[in-house]
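Structure first, commentary second.
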Amino acid sequence: MADPTIVAGALIGGGLILGGGAIGAGIGDGIAGNALISGIARQPEAQGRLFTPFFI
0 MADPTIVAGA LIGGGLILGG GAIGAGIGDG IAGNALISGI ARQPEAQGRL FTPFFI
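If you read the sequence shown in numbering that gives the first Met the number 0, its first letter stands for residue 0, the second for the next number, and so on.
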């Protein structure tokens, strides 16, 4: 049987790592969304060409 302190530390560490990954993904999505909005603001006629790759 594993020491409860080690198990608790592993679970807390795993939770922190998963949280960090979620934060990184959110930041990346925000940067991509910013680029999409900026591109559409500069060239509104390119909206259809920009939306498809963004959502894929």
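Cβ coordinates follow ideal geometry from the N, Cα and C atoms, glycine included. Just so we're clear, the structure is a prediction, and the values are computed from it rather than from any experiment.
If G38 sits next to A45, beta carbons under 8 Å apart, how far is it from one beta carbon to the other, in whole angstroms?
7 Å
Boundaries (first-last residue) of the alpha helix (DSSP H) holding P52
46 to 54
Alpha-carbon spacing of R48 relative to L35, whole angstroms
10 Å
If you draw a straight line from the alpha carbon of G25 to that of A1, how long is it in whole angstroms?
35 Å
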